[in-house]
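Novice: For reference, the structure I am asking about is given below.
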Amino acid sequence: MYKTAILMGSDSDMPVAKKAIDKLNELGIPTDVRILSAHRTPEAVQAFAASARERGYGVVIAIAGKAAYLAGAVAAWTTLPVIGVPVGAQTGLGGIDALLSTVQMPSGVPVATVAIDGAENAAILAAEMLAIADAELANALRDMRNCMTQRVLAKDEALAGM
Ligand code: RP5
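Written out as structure tokens, the structure is:
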């Protein structure tokens, strides 16, 4: 199975990254987690991204806040799919800064951007990409979706009985 990489711009992004780590672990997807900053360690970002495919990664999740350049910087150095997670619901600008920095990639170098702090969805989207060529993972995703549906139906039923 391809590995997934979770990159975060700072250790302060860990509370958001944890949501992706937990979901990928739940799905049994091998995952490496790194702190790599587009601004503070640009050469390390380049080295990681340029060799990611040959080192067995299938998708990269890049998590960053403020002038969030990480996902775009990674995408510049690889043709692997890159999923960007803008961080910052708790900051002064509410993550709008990171959202716009991540989502507004110029044509030719895409970053698939999820919601502000939406790391769980980033993990699920990464799994869906890997499941294109992995029937067992596709089944796990279907089961996970079915469980979610059942939980919502149960809540609705409980509400109706009140
Ligand atoms: C970004 O700046 C990081 O991804 C983080 O979200 C934000 C703040 O970083 P710290 O100053 O907390 O290290 O590069």
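If you're matching positions, the sequence shown starts at -13 in my numbering and goes up one per residue. Note that the Cβ used here is the ideal one computed from N, Cα and C, for glycine as well.
Please determine if the segment 49 to 59 and the segment 77 to 97 are in contact, where contact requires at least 3 C-beta pairs separated by less than 8 Å.
Specialist: Because the criterion of three Cβ pairs below 8 Å is met, the segment 49 to 59 and the segment 77 to 97 touch.
Novice: Output needed for residue -4: all residues of its chain with C-beta closer than 7 Å, excluding positions within five of it in sequence on either side, in chain order.
Specialist: Closer than 7 Å at the Cβ level, and outside the excluded window around residue -4, lie 21, 23.
Novice: For residue 65, count neighbouring Cβ atoms within 10 angstroms of its own Cβ and tell me buried if that reaches 16, exposed if not.
Specialist: Answer is exposed; the Cβ neighbour count stays below 16.
Novice: Would you please state the rounded distance, in angstroms, between the beta carbons of residue -10 and residue 42? I believe it to be under 8 Å.
Specialist: No, residue -10 and residue 42 are not in contact; Cβ-Cβ is about 10 Å, not under 8 Å.
Novice: Considering only heavy atoms of the ligand RP5, list every residue whose Cβ is less than 5 Å from one of them, following chain order.
Specialist: So the residues near the ligand RP5 by this Cβ test are -5, -4, -2, -1, 50, 51, 52, 73.
Novice: If you drop the 5 nearest sequence neighbours on each side, which residues of the same chain put their C-beta closer than 7 Å to that of residue 108?
Specialist: So the list reads 6, 47, 69, 71, 100, once near-sequence residues are dropped.
Novice: DSSP three-state call for residue 44: helix, strand or coil?
Specialist: Residue 44 falls in the strand class under three-state DSSP.
Novice: With DSSP collapsed to three states, give me the class of residue 216.
Specialist: Residue 216 lies beyond the residue range present for the chain, which begins at -13 and ends at 148; the question has no answer from this structure.
Novice: Rounded to the nearest angstrom, what separates residue 138 and residue 15 at their Cα positions?
Specialist: Their backbone Cα atoms lie some 26 Å apart in a straight line.
Novice: How big is the Cα-Cα spacing for residue 104 and residue 75?
Specialist: Going by the C-alpha atoms only, they are around 10 Å apart.
Novice: When the Cα atoms are used, what is the spatial distance from residue -13 to residue 120?
Specialist: About 8 Å.
Novice: Under DSSP, the alpha helix (DSSP H) around residue 10 begins and ends at which residues?
Specialist: From DSSP, the alpha helix (DSSP H) with residue 10 extends over 0 to 12.
Novice: Can you tell me which residues form a DSSP beta bridge with residue 20?
Specialist: DSSP output for residue 20 lists -7 as bridge partner(s).
Novice: Could you tell me how far apart the beta carbons of residue 98 and residue 63 are, in whole angstroms, since I believe they sit closer than 8 Å?
Specialist: Contact flag wrong, Cβ pair sits at about 16 Å.
Novice: Go through the segment 62 to 123 residue by residue and report every complete run of the beta strand (DSSP E) that reaches 3 residues or more, in order.
Specialist: Entirely contained in the segment 62 to 123, the beta strand (DSSP E) runs reaching 3 residues are, in chain order, 68 to 73.
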